[in-house]
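Protein chains: 2
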Amino acid sequence: MAVVLTVEALTDVVAQVLVRHGMSPGNARIVAAVVVAAERDGSRSHGLLRLPGYVATLKSGWVDGTAVPDVVDAAPGLVATDARNGFAQVALAASRTVLEAKARAAGIAALAIRNSHHFAALWPDVEPFAASGFVALAVVNVRSRIVVWGAKRKLLGTNPMAFACPRPGAPPLVWDQASSVVAQGEVLLAATERRPVAPGIGVDAQGAPSVDPRAILDGGAMMPFADHKGSAIAFMVEILAAALTGGRFGFEDRSAAFPGAQTSNAGQCIIVIEPSRTAGNAFGTRVEALIAQLLASGVSRLPGEHRYARRRRALADGIAIAERDHAAVMALLEA
Amino acid sequence: MAVVLTVEALTDVVAQVLVRHGMSPGNARIVAAVVVAAERDGSRSHGLLRLPGYVATLKSGWVDGTAVPDVVDAAPGLVATDARNGFAQVALAASRTVLEAKARAAGIAALAIRNSHHFAALWPDVEPFAASGFVALAVVNVRSRIVVWGAKRKLLGTNPMAFACPRPGAPPLVWDQASSVVAQGEVLLAATERRPVAPGIGVDAQGAPSVDPRAILDGGAMMPFADHKGSAIAFMVEILAAALTGGRFGFEDRSAAFPGAQTSNAGQCIIVIEPSRTAGNAFGTRVEALIAQLLASGVSRLPGEHRYARRRRALADGIAIAERDHAAVMALLEA
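Here it is, written out as structure tokens:
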């Protein structure tokens, strides 16, 4: 049995839950849209599954749901935004117009967000830039979760990177990947469904390889992808998202002092490039030429394509939510 | 038995070899410095081992060793350089001053190089920016060499990415990694030394897994690291280095029409960020705080550290070159 809701109706419900637990209505709409975008696109690990985490974090007092970001014009190509201990998506929304204007004027611009909480997928942050014709790259650091290649204990976060490239007449090509073998959300999903994860993903509190998602999440750690290569990416993300923005490193996380808190107060960096300044009008044609070759080489699915297919179905037929999951959302309205 | 040469003496010899085979003296100095930097730093796969490839490519007529790059001020944050079918390092050298000036003024700037040949390691391109206080990220695309995750035949190049971060009072932290499991240079080195490579690195011409470096290089292909994750990075590099710059994609390589040619005519993108505009004066202190934690977590070697150790020895004691390898270099002076 499933409850079927439109994207708008589900966004309303999620926003109500967030307001119920301390968010301002405007901020709640922004965060709800990101949660529902993940659910809509079949990205379950970042969809409604996360809502109890948002609520618990708001209730803990660790994040400020009413924060008004402070957007500073730092340089002709830089925007520096203090999220004021609020959600990163709210800071991004407040900075988007000035960032795009800078990227149009300078050809490239970056947004440095600090003092922010990012608890969602990263692709919703870059897709809109590509939909507006920009190439976009985003990184976020989070609390310590992975054991860097060659190290003995966890230090860097699962630090994701996302990339988006516009296509003429088609939705952007977008990828989003953690620096760990799998995203932490996948381990959370496995824990919720009480099933083991694949080998090689994580270790337990003693540092021994484990397929038990709870052992990995509770005191254990996750492994970087491709050993030193994922570690190098995670390090770069920590520099760009925290050192460069003036944000906190993953190891500086203080959420443990706020029982229930599940987010990290960290940073985010987004680089946006206007392709026509160097590629001229040919950029779109060139991207399509590459895509045609990718498909001809046997690739069955382009980055983001699976999400777009799910999205089309959700927009046409609504989002089907298991009755138990829907009840859990509604219960958060009363909690 | 080994011949020991100073960095300067070896650079002179390599530059002479390059001039002997058609490079202009100024261009030859630039490329020789990069070849010797790799040899000096113990990065053998990109050192003297590559010199016969440079010579063969110059002799084939595929690359123009006398090219004078065309540097265009494309936007307040963008430099667009046509390498004019010359080596990418020559184009970078011609663009460096304007790129750094833009990064200082705008806070961020990018260099888009097209119509260029990159046959060296990528870290020498970013390290100097970090030595000047910038954070730098570089990508290069090369001819088709990897089979994208889920595809049936090779399409994207081993498309490396390099990252450099300045440190106060210490050489920059620098990493440089291919999108393949190992760099193609490692497979070349194994072929030269007639030893097998590790499993999982490549496939033969029939698409079957192979540990024979010659089978991988001759008609075979290399595998992306971490399956879809390395594939996603290689795709991003192809967009940034080729589509964005107006350069050629790896699959558009026409070097086969020039027997002996070993380079790709492709593109490169370098993004340079001035950290003080968003991080203030604290950037260096923050980077050191992260490094202290990395070391405390058990990491035995920081990115680039092994190269710096080799470099110190080479600068103090000279570069030791096996007699046979030295004879091969000298033979290229006569060839």
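In order, the protein sequences belong to chains R and F.
When you read off a place in the first sequence, starting at 1, and then add 457, the result is the number in my numbering.
When you read off a place in the second sequence, starting at 1, and then add 457, the result is the number in my numbering.
Beta carbons: idealized from backbone N, C-alpha and C, even for Gly.
Within this structure, are the beta carbons of GLY741 of chain R and ARG561 of chain R separated by less than 8 Å?
no
Return the residues of the region 691 to 714 of chain R that lie within a Cβ-Cβ distance of less than 8 Å from chain F, sorted by chain order.
PHE692, MET693, GLU695, ILE696, LEU697, ALA699, ALA700, LEU701, THR702, GLY703, PHE706 and PHE708
So PRO625 of chain R is in the beta strand (DSSP E); what residue range does that whole segment cover?
No beta strand (DSSP E) holds PRO625 of chain R; DSSP gives it neither H nor E.
Starting from the Cα of ASN598 of chain R, find the closest Cα among R:ILE565, R:LEU506 and R:ILE696 and give me that residue.
R:ILE696
Which whole-angstrom value is the C-beta distance of PRO760 of chain F and LEU630 of chain F, which I expect to be below 8 Å?
5 Å
Assigned exposure category for ALA739 of chain R - 16 Cβ within 10 Å defines buried:
exposed
Whether ALA718 of chain F touches THR514 of chain F by CB criterion (8 Å):
yes
Can you check whether the CB of ILE727 of chain R is closer than 8 Å to the CB of ALA548 of chain R?
no
Is there a C-beta anywhere in chain F that falls below 8 Å from the one on ARG734 of chain R?
yes
From ALA526 of chain F to ILE487 of chain F, what distance separates their C-alpha atoms?
It should be pointed out that residue 526 of chain F corresponds to Pro in this sequence rather than to Ala. In a straight line, the C-alpha of PRO526 of chain F is about 13 Å away from that of ILE487 of chain F.
So what does DSSP say about LEU759 of chain F, is it helix, strand or coil?
coil
What is the DSSP secondary structure of ASN616 of chain R, counted as helix, strand or coil?
coil
For ILE748 of chain F, three-class secondary structure by DSSP:
helix
Would you kindly work out how many angstroms separate the C-alpha atoms of VAL536 of chain F and ALA551 of chain F, rounded to a whole number?
11 Å
Alpha carbon to alpha carbon, how far is ALA792 of chain R from PHE682 of chain F? Give it in angstroms, no decimals.
45 Å
Classify GLN634 of chain R as buried or exposed, calling it buried when 16 or more other Cβ atoms lie within 10 Å of its own Cβ.
buried
Determine which residues of the region 584 to 611 of chain F have a Cβ less than 7 Å from any Cβ of chain R, and write them out in chain order.
VAL592, VAL605, GLY607, ALA608, LYS609 and ARG610
Does DSSP classify TRP580 of chain R as helix, strand or coil?
helix
Our contact map puts GLY534 of chain F next to ILE570 of chain F with C-beta atoms below 8 Å; I'd like the distance itself, whole angstroms only.
Incorrect: roughly 16 Å between the Cβ atoms, too far for contact.
Would PHE682 of chain F pass as an interface residue toward chain R - the criterion being a Cβ-Cβ separation below 8 Å?
yes
Those residues which DSSP pairs with ARG571 of chain R across a bridge:
R:ASP539
Please report whether the beta-carbon of GLY677 of chain R lies at a distance below 8 Å from any beta-carbon of chain F.
no
How should GLN663 of chain F be labelled, buried or exposed, when 16 other C-beta atoms within 10 angstroms of its C-beta is the threshold for buried?
exposed
Sheet register partners of GLN634 of chain R (DSSP bridge):
R:MET618
Go to GLY510 of chain R, then tell me how far its alpha helix (DSSP H) extends in each direction, as first and last residue.
508 to 517
Per-residue contacts from SER754 of chain F into chain R (C-beta, under 7 Å):
VAL605, ALA608, LYS609, ARG610 and LEU612
What are the start and end residues of the beta strand (DSSP E) that includes VAL729 of chain F?
722 to 730
Taking only beta-carbon positions, decide if ILE673 of chain R is within less than 8 Å of chain F.
no
Tell me whether PHE715 of chain F sits in a helix, a strand or coil according to DSSP, three-state version.
coil
Alpha carbons only, please: which of F:ILE658, F:PRO653, F:ARG769 and F:CYS622 is nearest the one belonging to SER637 of chain F?
F:ILE658
If you measure from the beta carbon of ALA540 of chain F to each beta carbon in chain R, is any gap under 8 Å?
no
Reduced DSSP category for MET679 of chain F - H, G, I as helix; E, B as strand; rest coil:
strand
Under 8 Å, Cβ to Cβ, is there at least one residue of chain R near LEU535 of chain F?
yes
Whose C-alpha, out of R:ARG602, R:ARG501, R:MET480 and R:ALA490, is nearest the C-alpha of ALA777 of chain R?
R:ARG501
Is the CB-CB distance between THR615 of chain R and MET679 of chain R below 8 Å?
yes
Who are the near neighbours of ALA459 of chain F in its chain, counting only those whose CB is closer than 7 Å to its CB and skipping five residues on each side?
ALA777, ILE778, ALA779 and GLU780
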